[in-house]
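Encoded as structure tokens, the structure appears first; notes follow it.
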Amino acid sequence: MKMKKAMSIILAAVMVAGMAAGCGKSNDSKSESDDGTVTLNYWTWFPSTDQIDETIKAFEKENPDIKINMTVMESKAFQEKVPLALSTDEDIDVIGVQPSAFAEEVQDYLADLDELMPAAAGDDWKDKYSEKCLEQGNQLTGGNTKMLVLTNSGSMIGYYNAALLEEIGCEVPTTIAEYKTVAEKLKEKYPDKYVGVFAGKEAWIMDEMMLTVLGQQGDYYNQWRYEGADVDSEEFLQAFNGFKKFFDEGIFTADALDLDYASATEEFTNGNALVYYMGSWESPLLSQTLREGNGIDLEDVGAMALPVAEDGGQLTVRSYIDSGIGVVDYSEKKEAAAKFVAYLTLGDGADLFGKQLTGTSAKKDFEVDESLFATDTAKQGWDTVVELINTATADRNNVSGYSDIEGAEVQSVMNGTKSAEDALKTLQKEWTSGKY
Numbered sequence: 000m001k002m003k004k005a006m007s008i009i010l011a012a013v014m015v016a017g018m019a020a021g022c023g024k025s026n027d028s029k030s031e032s033d034d035g036t037v038t039l040n041y042w043t044w045f046p047s048t049d050q051i052d053e054t055i056k057a058f059e060k061e062n063p064d065i066k067i068n069m070t071v072m073e074s075k076a077f078q079e080k081v082p083l084a085l086s087t088d089e090d091i092d093v094i095g096v097q098p099s100a101f102a103e104e105v106q107d108y109l110a111d112l113d114e115l116m117p118a119a120a121g122d123d124w125k126d127k128y129s130e131k132c133l134e135q136g137n138q139l140t141g142g143n144t145k146m147l148v149l150t151n152s153g154s155m156i157g158y159y160n161a162a163l164l165e166e167i168g169c170e171v172p173t174t175i176a177e178y179k180t181v182a183e184k185l186k187e188k189y190p191d192k193y194v195g196v197f198a199g200k201e202a203w204i205m206d207e208m209m210l211t212v213l214g215q216q217g218d219y220y221n222q223w224r225y226e227g228a229d230v231d232s233e234e235f236l237q238a239f240n241g242f243k244k245f246f247d248e249g250i251f252t253a254d255a256l257d258l259d260y261a262s263a264t265e266e267f268t269n270g271n272a273l274v275y276y277m278g279s280w281e282s283p284l285l286s287q288t289l290r291e292g293n294g295i296d297l298e299d300v301g302a303m304a305l306p307v308a309e310d311g312g313q314l315t316v317r318s319y320i321d322s323g324i325g326v327v328d329y330s331e332k333k334e335a336a337a338k339f340v341a342y343l344t345l346g347d348g349a350d351l352f353g354k355q356l357t358g359t360s361a362k363k364d365f366e367v368d369e370s371l372f373a374t375d376t377a378k379q380g381w382d383t384v385v386e387l388i389n390t391a392t393a394d395r396n397n398v399s400g401y402s403d404i405e406g407a408e409v410q411s412v413m414n415g416t417k418s419a420e421d422a423l424k425t426l427q428k429e430w431t432s433g434k435y
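When we follow numbering that gives the first Met the number 0, the leftmost residue of the sequence shown carries the number 0, and every step to the right adds one.
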């Protein structure tokens, strides 16, 4: 898993502080206490205890006989510790499920939710849940429903400084030609500001940017990911060259390639960039309340798609499950655990947790708290994020190790040390090496 989730630079400290912390924490490992209270042990890497605290308190108020004991770990530590803990029947009832090889690794320890959810959420629960999310989740667990989606994400999204865009007299660009005009207007007034900023030093970010351009052409990423299509192809060549156009036209600048995640975020939050490109997990930037809570002094923030690089392209992102949740099969508290999972994914908890803006829900009638948005631009920005995720041309189902290698090749093409043709030949050899 890459560095992610809800303004990850700003909230990293929150995540660390949440490690091994508890909500309603109890050392009692029995199925039920003497007063009939059930304590569910919930292990995850996301969300942090602070992010989900309000939701858990509401669940416990609605279900006074159930308490949640939550343990949060750093992502990689979670990947390493949970399979071992499950194999030794550690006292765990609910786990976060990472939508990767991790899901396949732990699927045999997860309960079949088709058996548990009718009692917890009603016989018609699937009618309330996204068919796409159900399909994607089941693909990760052998075709069975063993995890439900807590959040979905999409990338890359452009978060823009709305006040700055208005100051230079421009509208949100949708094509590279329009974006070039915006760049010229910005540079006339503020030559030192970034037109677009992203963590170009991070290989996986460069991969995400290039793959967003690839998605503007259609679903070739899925053809490559699932159907054996080649990397060394006209489609990938167009994507590499399309991304490079943003540099060639003076929209993106070479110094962006020296920025890591933290510095790219800071350039935007400090007012030094017009647009900041990152995944939808940075959507808390849209909320004035959440910005102020994190010390960000930006007047107004909106969201946009990366402008299309080619005529006829589609404004789009790649989207996929970002975080899942499941019930441990050997738990003696599966009924209570299923009730908690249903609350988070299909019940009022989905809407409460949605106030964090960390992603979109699989709940069909999910509605975000509009009081989070102080302006029409911010609200429209959130609607744009949701629409882009829901209409994505391809899955954001990355192969982590390969993404870093592909991203490094993208960096080489963008900095001019390698041609796109040579990069794709290198990548074709790597992808077919048998490592993946």
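Ideal placement from N, C-alpha and C gives every residue a C-beta, glycine not left out.
Item	Value
Taking contact to mean 3 or more Cβ pairs, one atom from each stretch, closer than 8 Å, check whether the stretch 256–265 and the stretch 322–339 are in contact.	no
Quick one, are the C-beta atoms of LYS362 and ALA349 less than 7 Å apart?	yes
How many angstroms separate the CA atom of LEU284 from the CA atom of ILE167?	21 Å
Hey, LYS244 and ALA308 are a contact pair by Cβ (cut 8 Å); roughly how many whole angstroms apart?	5 Å
Buried or exposed for GLN313, please, with buried defined as at least 16 other CB atoms from any protein chain shown within 10 angstroms of its CB.	exposed
I'd like to check one pair, GLY301 with ALA159: are the Cβ atoms closer than 7 Å?	In the sequence as presented, Ala is not what sits at residue 159; that position holds Tyr. Going by C-beta atoms, TYR159 is nearer than 7 Å to GLY301.
Measuring CA to CA, which of GLY241, SER318 and GLY380 is closest to GLN287?	GLY380
Name, in chain order, the residues that DSSP records as bridge partners for LYS66.	THR38
Whole angstroms is fine: what's the gap from MET277's alpha carbon to THR36's?	43 Å
Does DSSP put TYR220 in a helix, a strand or coil?	helix
Grouping DSSP H, G and I as helix and E and B as strand, with all else coil, what is GLY436?	Summary: the structure shown does not reach residue 436, with the chain confined to residues 0 through 435, and so no result is reported for it.
Based on Cα-Cα distance, which residue from LEU164, ASP126 and ASP111 lies nearest to GLY142?	ASP111
Below 8 Å, can you find three or more Cβ-Cβ pairs linking the stretch 207–218 to the stretch 233–250?	yes
Within the continuous beta strand (DSSP E) that includes ASN151, where are the two ends?	147–154
Does the count of Cβ pairs from the stretch 397–415 and the stretch 148–156 closer than 8 Å reach three?	no
Which ranges would you report for the alpha helix (DSSP H) in the stretch 360–418 if only whole runs of at least 4 residues count?	375–389 and 399–413
Is it the case that the Cβ atoms of ASP122 and ALA393 are separated by a distance below 7 Å?	no
Sort LEU289, ASP229, GLU114 and GLU103 by Cα distance to ASP368 and report the nearest one.	LEU289
Roughly how many angstroms separate the alpha carbons of THR264 and LEU139, rounded to a whole number?	32 Å
Short check: CB of ASN271 to CB of LYS200, under 7 Å?	no
DSSP has ALA57 in a bridge; who is on the other side?	According to DSSP, ALA57 bridges with nothing at all.
Since LEU236 contacts LEU423 with CB under 8 Å, what's their CB separation in whole angstroms?	6 Å
By alpha-carbon positions, which one of ALA255, LEU163, PRO190 and THR38 ends up nearest to ALA198?	ALA255
I need the DSSP call for SER25, collapsed to helix, strand or coil.	Caution applies to SER25, whose pLDDT of 38 falls short of 50 and renders its modelled position unreliable; the model cannot decide the point.
Looking only at its chain, what residues have a beta carbon closer than 7 Å to the beta carbon of SER402, apart from the 5 residues adjacent to it on each side?	TRP203 and ASP206
Kindly indicate the opening and closing residues of the alpha helix (DSSP H) around GLY292.	287–292
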